[in-house]
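Let me begin by presenting the structure, written as structure tokens, before commenting on it.
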Amino acid sequence: MSDTTEHFDDEADFGACPKLAEDLNALFGSGLSVPAEVDRAVIDRANRHFVRRGRRRPWSRWAASAAAAAAVIIFAVVLETQFSGPSEQESKPDQHFSAPLAERKSKSDQFVSTTLVGKARLATDIDENGRVDILDAFKLARHIESAETRQAKWDINGDGQVNRDDVDVLAFAAVRLDKGV
Amino acid sequence: MKKTALIIAASMCVMVPVLARQPYPEYPTAQPKVRFAPLHIYVDSGERALGAFQFELKAFGGQIKIVGVEGGEHAAFKEPGYYDPAALANDRIIIAAFNTANELPSGRTRIATIHLQITGRVEPEYGLELTVAADADGQEIPAEITFETGEQK
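First to last, the protein sequences are chains A and B. Sequential numbering from -11 applies to the first sequence in my numbering. Sequential numbering from 112 applies to the second sequence in my numbering.
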């Protein structure tokens, strides 16, 4: 310890030139004095500033606490929703074997809107055996293919033509679940 | 320090019950087992050519949904037959098809495959009824309808 302080001896001669010492004193010497009023004003202002910051600190702490709590709750909710219940994909039916479903449904709906509402249901009983089944569609298809005289009553969908669309509508009439075959 | 401890305690109170409820796949759960099974439908028309058919299938026992319809093995009935789209997600379906071509199947032939979603371990039972079968001229013919389960067609 004493060895260390020996290096900072005030009496040590560093060999500085007197002219340099004089110039340095002129530059950095304490020739200016701060008035006491200015000193107090600076200290007061600093105190006010730090008091304000000190008052604000509890609010910021509460905000941080609230944010942390909110983050925990959000994380918990995300976990809950992510793991609860079977996924939509698992319970979704595999419908790749029924590709023309939209088209089928359209024609099925067409049957409801034309035959059941606008036309007599008996018009779909082509073979007149008292029931509507696939044989009615089959026989209508045969009539159309053989280019026989097409009767107006075979225009099942009411579009003014007797063609394959009428056969489809008739076939859908045969497979409807809510009919009594 | 006190507030930090409070935050940690509050976090534990929220997280522990949530994590305790997570249904991890390796643990047994109360969810009923769901499986998919094909049902192959066959018609035997004997020596007569099969030009048209219509049948109705009803599944009994357990929760069963029809999820898809596939066509038959012969080119004449390769496309899925007509059916009500409302039958999908139902346990009952009516399927019908016809073909006016000359090349028609005879004997025993697979006319459709119906894909089912079965929930639970109950083995379902099926009610299968042939509504009508007809030959190439549209004349009704006697025929027998049967089904088989399993992946093999």
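Glycine included, each C-beta is placed from N, C-alpha and C at the ideal position.
The Cβ-Cβ distance between residue 164 of chain B and residue 208 of chain B falls below 9 Å. With respect to the 9 Å criterion, residue 150 of chain B and residue 225 of chain B are classified as neighbours on the basis of their beta carbons. For residue 58 of chain A, the secondary structure class from DSSP, reduced to helix, strand or coil, is helix. Closer than 7 Å at the C-beta level to chain B, one finds these residues of the segment 49 to 61 of chain A: 49, 53, 56, 57, 60, 61. Per the DSSP secondary-structure output, residue 151 of chain B pairs in a beta bridge with B:224, B:259. Annotated as distal: residue 242 of chain B and residue 130 of chain A, with beta-carbon spacing of 9 Å or more. Between residue 143 of chain A and residue 255 of chain B, the alpha-carbon positions lie close to 34 Å from each other.
Per DSSP, residue 132 of chain A is one residue of the alpha helix (DSSP H) stretching across 122 to 133. Note that the C-beta distance between residue 204 of chain B and residue 180 of chain B is below 9 Å. Under the 9 Å criterion on CB atoms, residue 153 of chain B is classed as non-interfacial with respect to chain A.
Using beta-carbon distances, residue 159 of chain A counts as an interface residue toward chain B, with a partner under 9 Å. Non-local beta-carbon contacts of residue 114 of chain A in its own chain, meaning distances under 6 Å to residues more than five positions away in sequence, involve 124, 127, 128 in chain order.
In summary, residue 150 of chain A is buried, with 16 or more beta-carbon neighbours lying within 10 Å of its beta-carbon over all protein chains present. Residue 12 of chain A: member of the alpha helix (DSSP H) spanning 6 to 16, first to last residue.
Nearest CB-CB separation between residue 173 of chain B and chain A: not below the 9 Å threshold.
Between residue 202 of chain B and residue 229 of chain B a beta carbon distance of about 10 Å is seen, past the 8 Å cut, so the two are scored as non-contacting. In the three-state scheme derived from DSSP, where H, G and I count as helix and E and B as strand, residue 219 of chain B is classed as strand.
Residue 212 of chain B sits in coil when the DSSP states are folded into three classes, being neither helix nor strand.
Residue-level contact by beta carbon holds for residue 133 of chain A and chain B, with a gap shorter than 9 Å.
At a cut-off of 9 Å between beta-carbon atoms, residue 203 of chain B makes contact with chain A. Within chain B, no residue has its CB atom less than 7 Å from the CB of residue 32 of chain A, the nearest being about 32 Å off. Rounded to whole angstroms, the separation of the alpha carbons of residue 67 of chain A and residue 59 of chain A is 12 Å. Spanning the alpha carbons of residue 148 of chain B and residue 177 of chain B requires a straight line of approximately 10 Å. For residue 215 of chain B, same chain residues with a beta-carbon under 7 Å away, outside a window of 5 residues either side, are 160, 161, 162, 187, 247 in chain order. Taking the Cβ atoms as the reference, residue 170 of chain B lies roughly 5 Å from residue 235 of chain B, within the contact range of under 8 Å.
Ranked by Cα distance from residue 119 of chain A, the first of A:140, A:61, A:34, A:163 is A:163. Listed along the chain, the chain A residues whose CB falls inside 8 Å of the CB of residue 206 of chain B are 163. DSSP places residue 145 of chain B within a strand segment (E or B) once states are collapsed to three. Per DSSP, residue 162 of chain A lies in no beta strand (DSSP E); the unbroken alpha helix (DSSP H) holding it starts and ends at 152 to 163. Residue environment for residue 146 of chain B: exposed (fewer than 16 other C-beta atoms within 10 angstroms of its C-beta). The beta carbon of residue 144 of chain B is closer than 7 Å to those of 231, 232 in its chain, skipping five residues each way along the sequence.
Counted as a single uninterrupted DSSP element, the stretch harbouring residue 146 of chain A is not any beta strand (DSSP E), since DSSP gives it neither H nor E.
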